[in-house]
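Enquirer: Heads up: take any position in the sequence shown, counting from 1, add 139, and you land on the numbering used here. Cβ coordinates follow ideal geometry from the N, Cα and C atoms, glycine included. Below are the structure tokens for one structure; questions will follow.
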Amino acid sequence: MIHGSRLVVQPEFERLFKAQGVERVADVAAKWSPPAGGDGGRSRVTEVRVPHANGTAHLFVKTYHYPGWWRLRTLFIPARAKREYRNLQGLAHFGLRVPIPVAYGETRRLGLLTESVLVTEAVPHAIDLRELVTDPSKAPFPLPNAKERRELISTFARALRRCHDAGWFLHTVFFKNLLLTKDASGYELWVIDVPFAHIWRNQLLPEQGKIRDFACLLKGAIKLLSRTERMKFCKAYGDTDREFLRKVEAYWRRNYA
């Protein structure tokens, strides 16, 4: 799209949007993510609960604004909201748990982005792993035991390997973007905030994409997982020899230590 505005809504959420009078990109920002007083940021995330026929929809709304010279950086470049919407759909095919993408939209003038939005369904009763490291007592459920931790580690490692084998690298897989939940079926690890999961440079340099993902994980894993658990992750992933792990550690020390 070169000029104009477009809002794409998943079919199962169309009735909800219409009931709320949300039919355009501007409606999403105005109704669900109004700017806070004095807020000069280019992006913000708002948590909303929207009543509808079957109860209440719990949503997160990301809004991006591109004032002034920032717009020049968006000429013919896919909107971040659109990339993340598509990435969430793509990553789910590899077995990663991700939020349900509800809608995305963008407005352009002569090829330049002026605003974009992404709406996702909230992950209920979750705690991110960074917060879990800082204060485990904030978890809304009992923490997993040793066996359950091992299962979570192996399941996530295998799913990440499937992503990498298909040329998908998460790029921002920090602990703040990993959520832990628990329901009747057990524990689940979710990935959020993935606008860069399929960027072209990682597809051109897959080894570097793989190293970065491991280094991002290592940043948090050092504080939460034992060395044995970290090695179990590598074993479940496969193809992680000593030379590769040295590169991961070097990247981590250079950027995150």
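According to DSSP, is D267 helix, strand or coil?
Expert: Residue state, collapsed to three classes: strand.
Enquirer: Within the chosen definition, does the stretch 256-272 reach the stretch 286-298 through at least 3 CB pairs nearer than 8 angstroms?
Expert: They do not touch, by the three-pair rule.
Enquirer: For G176, count neighbouring C-beta atoms within 10 Å of its own C-beta (all shown protein chains included) and say buried if the count is 16 or more, exposed if not.
Expert: For G176, the pLDDT reaches just 49, beneath the cut-off of 50, and the residue's location in the model is therefore unreliable, although a value from the coordinates is still provided. So G176 ends up on the exposed side.
Enquirer: Check whether the Cβ atoms of P206 and R222 lie closer than 9 angstroms to each other.
Expert: No, Cβ-Cβ distance for P206 and R222 is not below 9 angstroms.
Enquirer: Which residues bound the beta strand (DSSP E) around T246?
Expert: Note, T246: beta strand (DSSP E), P240 to R248.
Enquirer: Quick check on DSSP: helix, strand or coil for Y203?
Expert: Here Y203 sits in strand by DSSP.
Enquirer: Could you tell me the boundaries of the alpha helix (DSSP H) in which W339 lies?
Expert: Here the alpha helix (DSSP H) through W339 covers W339 to L343.
Enquirer: What's the C-alpha gap between P263 and T320?
Expert: Approximately 8 angstroms between the Cα atoms of the pair.
Enquirer: Counting pairs of Cβ atoms below 8 angstroms between the stretch 342-349 and the stretch 231-250, do you hit three or more?
Expert: These segments do not touch.
Enquirer: With which residues is D322 paired in a DSSP beta bridge?
Expert: G325.
Enquirer: Classify T195 as helix, strand or coil using the three-state DSSP reduction.
Expert: In the structure shown, T195 sits in a strand (DSSP, three-state: E or B).
Enquirer: Is it the case that the Cβ atoms of F314 and L356 are separated by a distance below 9 angstroms?
Expert: Going by C-beta atoms, F314 is nearer than 9 angstroms to L356.
Enquirer: Could you check the C-alpha separation between K286 and L249 for me, to the nearest Å?
Expert: Using only the alpha carbons, I get a separation of about 56 angstroms.
Enquirer: Are there 16 or more other CB atoms within 10 angstroms of the CB of N193, so buried, or fewer, so exposed?
Expert: Under this definition N193 is an exposed residue.
Enquirer: Can you give me the Cβ contacts of D332 inside the same chain, cut-off strictly under 7 angstroms, excluding the 5 residues immediately before and after it?
Expert: Counting only Cβ-Cβ distances below 7 angstroms, and skipping sequence neighbours, we find T311 and N316.
Enquirer: Measuring alpha carbon to alpha carbon, tell me which residue in F215, K362 and G229 is nearest Y395.
Expert: Comparing Cα positions, the closest option is K362.
Enquirer: Would you list the one or two residues that DSSP bridges to P190?
Expert: T195, per the DSSP bridge assignment.
Enquirer: What does the alpha-carbon distance come out to for the pair N226 and R381?
Expert: Approximately 31 angstroms, taken between the alpha carbons.
Enquirer: For I216, is the classification buried or exposed, using 16 other Cβ atoms within 10 angstroms of its Cβ as the cut-off for buried?
Expert: By the neighbour-count rule (16 or more Cβ atoms within 10 Å), I216 is not buried but exposed.
Enquirer: With a CB to CB cut of under 7 angstroms and the five nearest residues on each side skipped, what residues in its chain are close to A168?
Expert: Excluding residues within five positions, the ones whose Cβ falls inside 7 angstroms are T202, E254 and V256.
Enquirer: Are H191 and L155 close, meaning C-beta to C-beta below 9 angstroms?
Expert: Yes, they are a contact pair.
Enquirer: Check each candidate in S365, F383 and H337 and name the one with the smallest Cα separation from F353.
Expert: The shortest Cα separation from F353 among S365, F383 and H337 belongs to F383.
Enquirer: So, at 6 angstroms on beta carbons, what are the nonlocal neighbours of Y390 in its own chain, with the 5 sequence-adjacent residues on each side left out?
Expert: Hits under 6 angstroms: I350 and A354.
Enquirer: Look up L384 in the DSSP assignment and say whether it is helix, strand or coil.
Expert: Helix, per DSSP.
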